[in-house]
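Structure, as structure tokens:
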Amino acid sequence: MPDPAPLTVVDDIEAHGPRVCDDMTVEVALAVMAGARVEYLTVCDGDDRSTDLITLVRLAVLRDSPMYTDRIRLREVLDGSLPSPGARPGGVGEYGRVAGVLALSH
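Following this note's numbering, the numbering of the sequence shown begins with 1 at its first residue and continues without gaps.
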């Protein structure tokens, strides 16, 4: 009996997960992932071309961050226009202090 043909891994964005449009909100994308029981989605642009992959982990971290709103769209997550989760506005640190600035007491 001959050996079956070897399997090859295709590094093609087209082969991954359900396809969704980049204007989908994070909340809807999470619902699609839950319904499809997948860990990632293939994100497409307005011309239905695959542009990127988005993972459940990345969206869950965003959803649990203080900067999350239900109006954030996948394209905003993917294009980097959002600050990273956990980042504080204006460069303020963990205790409300600006890094590199000494506080003077009276």
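We treat Cβ as the ideally placed atom computed from N, Cα and C, and that holds for glycine. Note that the structure is a prediction, hence the values are computed from the model and not measured.
Could you work out which residue in the options is closest to residue i when comparing CA atoms only?
i, options, result
"S50", "A36, L56, L41", "L41"
"R75", "G17, S65, L59", "L59"
"G46", "V28, D23, L82", "D23"
Ignore the nearest five residues each way along the sequence and tell me which others in residue i's own chain have a CB closer than 7 Å to its CB.
i, result
"T25", "D70, R71, I72, R73"
"Y68", "L62"
"C21", "C44"
Suppose the cutoff is 8 Å on Cβ atoms and the five residues either side in sequence are ignored; what does the same chain contact list for residue i look like?
i, result
"L56", "L30, M33, V38, E39, Y40"
"A36", "G17, P18"
"V77", "V26, I54, R58, L59, L62"
Under a Cβ-count criterion, where at least 16 other Cβ atoms within 10 Å of its own Cβ denotes burial, should residue i be classed as buried or exposed?
i, result
"R19", "exposed"
For the stretch 14-72, list the beta strand (DSSP E) runs that are entirely contained and at least 3 residues long, ordered along the chain.
Segments of the beta strand (DSSP E) lying fully in the stretch 14-72: 19-21, 40-44, 50-55.
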